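Working notes for the structure below.
So, in structure tokens, the structure goes:
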């Protein structure tokens with residue numbers, strides 16, 4: 001019998017501010033919901049999230065995928081999990097092509113030379129010396145693609161689509177990453193010697209946002225650089241003033257063979273331990289900052305949520321598994337080089353017992369909406385979850401949650417349902433992939449609310465027998 | 480007869496929102512005040528400030544004192560003044576010891592190496608290779624001064640007084656610059672090999688604030704570095720975790736002999752041209768940003784104020800002189816290396832005809848208060864100025880204005896009265912002396928209000944015969 005059926009009676013009751021459910025027909029379910037509220041409130045008052053994110057970012061700093069730092073941080077995190085009562089803690093290694101930033105610089109040349117602040121894009125090749133060339137500016141990827149063949153021979157392609165729009169759900173990001181990913185290949189196709197993009201971010205600081213570019217035939221085709229927003233403004237103004245603008249670019253970035261690893265630990269289920277709920281985040285970070293919001297915060301939130309459940313006085317029926325994925329920040333020709341793919345390969349047929357997966361990889365600000373798999377939307381389970389989460393400001397999401405992020409994407413692709421606790425990303429893209437992604441950007445109060453939402457929701461799933469795979473979308477979703 | 484007397488009658492009239500003076504006994508003065516209001520409103524609607532600050536920061540980027548860039552920018556600015564109708568435009572050269580940042584880097588050493596974001600402090604010597612040493616942390620300059628003799632032998636002194644307080648009047652800055660200035664000498668006295676200070680700023684970005692340090696016997700005694708706020712947090716946390724923390728520091732900064740220059744131009748007075756009102760700001764900037772708020776904005780504001788007056792349809796009686804001082808951002812053993820001292824030497828006995836001086840060197844945000852010389856406070860002149868400035872949100876300042884800033888300080892020292900249009904500095908020290916001091920940080924609407932306040936006040940002074948030197952502080956200031 002499912003939680004969804006049992007809670008039907010309770011869902012008609014008024015709730016104001018705090019959870020005020022009277023016992024429905026099934027006492028076990030009422031207890032589950034009440035315990036979810038208690039877990040929520042416990043997480044609000046204290047958790048290990050701040051401790052974890054402080055320690056990992058302070059001890060190890062940046063943790064690029066496959067770096068010694070990521071490896072050391074993973075070993076430390078496994079110890080941290082054990083120390084905090086997690087079971088079956090293990091490290092799963094996998095090979096990948098690592099990328100190391102070297103020295104890099106850029107400048108406007110000519111009568112009035114000026115330094116430009118750039119960051120090589122992830123997996124960009126080095127420049128093999130200094131490139132000095134004229135810049136040709138485009139406002140869109142389409143315009144670059146439409147340039148005549150050979151028209152950029154010996155030149156630098158510069159795409160400046162304007163500043164990213166700052167949105168709660170981060171939806172301004174996707175269209176711009178398409179340019180970042182495809183830009184080097186598009187520029188190479190027209191004969192360009194390098195590719196420059198206005199840094200994909202919503203801030204106006206001289207703090208470029210790095211990020212991946214797309215492999216073609218096993219390599220990124222051209223050196224690519226993100227230009228900090230104020231520098232992009234400056235370069236575009238200089239071009240608008242007329243006359244050719246020449247710049248220099250240099251980078252000693254290079255790739256290397258290495259290993260990364262997932263760190264896995266769990267709160268083993270009391271009665272149905274083979275049924276697994278996966279909470280994902282990633283261990284690696286870009287090299288410029290210390291990866292506090294991207295994504296030590298996700299590890300902190302999911303670890304704290306699981307620990308809050310473990311300390312609630314009773315274990316849930318199902319297993320809550322926390323995975324700190326290695327090497328999320330890569331975009332290689334195959335999926336072999338990232339932690340999500342490695343985890344899926346590692347579990348083999350166990351994937352059938354994976355009830356649901358959720359990913360925390362969007363900073364540490366507050367959760368504002370819950371997205372459930374399509375079949376669960378408007379269900380009694382959703383109503384129960386809504387009652388527990390409403391008092392901390394979480395509403396149902398309008399969008400069904402289908403895909404998760406890069407870490408749980410492979411699980412989703414293999415048929416595991418996913419949920420999303422949508423968090424406020426308004427300031428996320430001010431910081432993400434920059435040197436400014438540091439501990440001080442975490443707001444402890446918002447992070448506690450975030451942990452509370454995770455802990456309560458995961459408890460509800462883990463101490464029930466709800467089967468998200470079996471749920472079918474209703475023809476007309478309930479309101 | 481002075482404006483102060485003539486305006487007595489008008490000062491009793493009610494004013495609400497816009498200036499509504501009826502003609503007092505002296506029609507000329509009423510006309511002056513009315514024209515001040517018209518000039519104020521003209522400045523609000525348009526001015527050249529945004530054009531100037533855009534052009535100079537875009538064309539020349541950073542303009543370090545004595546650099547080729549500062550020299551080129553000065554020549555360009557002289558042309559800009561002529562083009563915009565300024566008279567007697569001239570460039571006054573003077574020698575100085577310039578300072579050039581080279582390559583610089585810092586890192587935490589040990590098992591978990593981490594990059595630290597630093598900026599060498601102005602006029603710091605280079606490190607002559609890489610310094611690797613243990614860090615000793617102090618919270619105050621006093622604590623560093625109290626360290627036993629020789630106790631820092633071979634070590635790096637690190638002063639972390641905590642984050643600067645963000646204040647409208649910038650008053651959090653002074654106490655911390657004392658540490659920055661005196662730190663290298665204090666550290667050297669205890670045997671240290673380098674000095675590091677938490678970057679003096681109110682932001683939390685990985686954008687260190689550079690700034691001057693104090694010369695001792697003709698040189699800055701030790702290499703000194705500003706550590707960006709998040710990195711200062713990180714280093715202090717690592718030290719608090721226990722065990723010695725070693726860091727590396729390197730810098731190839733060096734000094735060199737060069738010249739800087741003041742650019743001077745004026746709106747010549749119609750009837751008493753030998754009486755001069757000086758509006759000051761500085762041309763040079765630190766090397767990290769493009770010096771938009773520090774201090775291309777000051778040049779933009781004072782040039783736009785003077786031009787608004789020139790275009791008002793009638794020239795004022797007195798001369799309004801705009802000086803774009805060279806080499807403000809230095810702190811050398813003598814005053815010979817800065818533009819303020821050079822200007823004073825250049826004018827000789829003409830200083831007697833300098834009616835008053837004002838300096839715009841605090842960004843481009845709105846003016847909120849007017850500070851007049853002690854004798855003018857509560858005077859009829861102050862009341863007239865108050866009426867013109869009140870509609871744009873400017874109140875009388877509680878503090879008498881005595882000293883000005885570094886540019887007009889030498890004039891003040893020679894007996895020239897000064898005024899201050901206090902501007903909102905709440906966000907100034909987030910940006911000042913960092914790479915982030917760029918054009919996008921200018922708010923055009925606030926800058927227009929700023930220009931309006933300058934233009935209206937300067938008109939009131941320039942078209943009157945008020946003598947600030949002759950005014951004596953009242954025993955009891957009027958309210």
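Protein chains in written order, with this note's numbering: chain C, 1 to 479; chain E, 480 to 958. Note that beta-carbon positions come from the ideal geometry of N, C-alpha and C, so glycine has one too. All of these numbers come straight from a predicted model, not from anything done at the bench.
- Residue environment analysis places residue 256(C) among the exposed positions, since fewer than 16 neighbouring C-beta atoms fall within 10 angstroms of its C-beta.
- The contact set of residue 716(E) on chain C, defined by CB atoms closer than 7 Å, consists of 58 in chain order.
- In the three-state scheme derived from DSSP, where H, G and I count as helix and E and B as strand, residue 531(E) is classed as helix.
- Closer than 9 Å at the C-beta level to chain E, one finds no residue of the stretch 171–202 of chain C.
- Proximity to residue 579(E) across 572(E), 603(E) and 945(E) peaks at 603(E), based on C-alpha coordinates.
- Under the Cβ distance rule, residue 435(C) counts among the residues neighbouring chain E, one pair being separated by less than 7 Å.
- The stretch 644–656 of chain E makes no contact with the stretch 709–726 of chain E, as fewer than three CB pairs between them are under 8 Å.
- Within the DSSP secondary-structure output, residue 741(E) pairs in a beta bridge with 571(E).
- Remark: three or more beta-carbon pairs, one from each stretch, lie closer than 8 Å, so the stretch 47–67 of chain C and the stretch 286–299 of chain C are flagged as touching.
- Against chain C, a Cβ distance below 8 Å from residue 919(E) picks out 204, 229, 230 and 233.
- For secondary structure counted as the beta strand (DSSP E) over 3 or more consecutive residues, the stretch 264–337 of chain C holds these complete runs in sequence order: 272–282 and 318–325.
- For residue 251(C), the pairing in a beta bridge is given by DSSP as 104(C).
- Distance check between residue 215(C) and each of 97(C), 196(C), 310(C) and 135(C) places 97(C) closest, using alpha-carbon atoms only.
- Here residue 894(E) is exposed. Its C-beta has fewer than 16 other C-beta atoms within 10 Å.
- Judged by beta-carbon spacing, residue 176(C) lies within the 7 Å limit of residue 200(C), meaning their Cβ atoms are closer than that value.
- In the three-state scheme derived from DSSP, where H, G and I count as helix and E and B as strand, residue 442(C) is classed as coil.
- Checking the DSSP bridge columns, you'll see residue 837(E) partnered with 758(E) and 898(E).
- Under a 10 Å Cβ-count criterion, residue 572(E) is classified as exposed, with fewer than 16 other Cβ atoms of the shown protein chains found around its own Cβ.
- DSSP places residue 197(C) within a strand segment (E or B) once states are collapsed to three.
- Collapsing the DSSP output to three states places residue 826(E) in a helix.
- Contact between residue 91(C) and residue 309(C) is absent: CB atoms are separated by about 23 Å, not below the 8 Å threshold.
- Close to chain C, meaning a Cβ-Cβ distance shorter than 7 Å, are the following residues of the stretch 573–593 of chain E: 591 and 593.
- The C-beta distance from residue 192(C) to residue 149(C) rounds to 12 Å, too long to meet the 8 Å contact threshold.
- Within the model, the alpha-carbon separation for residue 525(E) versus residue 780(E) is close to 12 Å.
- For residue 72(C), the chain E residues whose Cβ falls inside 9 Å of its Cβ are 590 and 591, in order along the chain.
- By the rule that beta-carbons nearer than 7 Å mark a contact, residue 778(E) does not touch chain C.
- Close CB contacts of residue 471(C) within its chain, under the 6 Å cut and outside five residues either way in sequence, are with 375 and 376 (chain order).
- Among the residues facing chain C, residue 540(E) is included, as its CB has a counterpart in that chain under 7 Å away.
- Here the C-alpha atom of residue 619(E) lies approximately 11 Å from the C-alpha atom of residue 661(E).
- Membership of residue 114(C) in the beta strand (DSSP E) is indicated by the continuous run 114–116.
- Residue 465(C) and residue 446(C) have their alpha carbons spaced roughly 31 Å apart.
- Taking a cut-off of 8 Å for Cβ pairs, the stretch 580–597 of chain E and the stretch 699–710 of chain E touch, as three or more such pairs fall below it.
- According to DSSP, residue 138(C) shares a beta bridge with 159(C).
- Within the DSSP secondary-structure output, residue 219(C) pairs in a beta bridge with 216(C).
- In summary, the residues of the stretch 116–146 of chain C whose CB is separated from some CB of chain E by less than 8 Å are 117, in the order they occur in the chain.
- Using a Cβ distance threshold of 7 Å, residue 462(C) and residue 49(C) do not count as a contacting pair.
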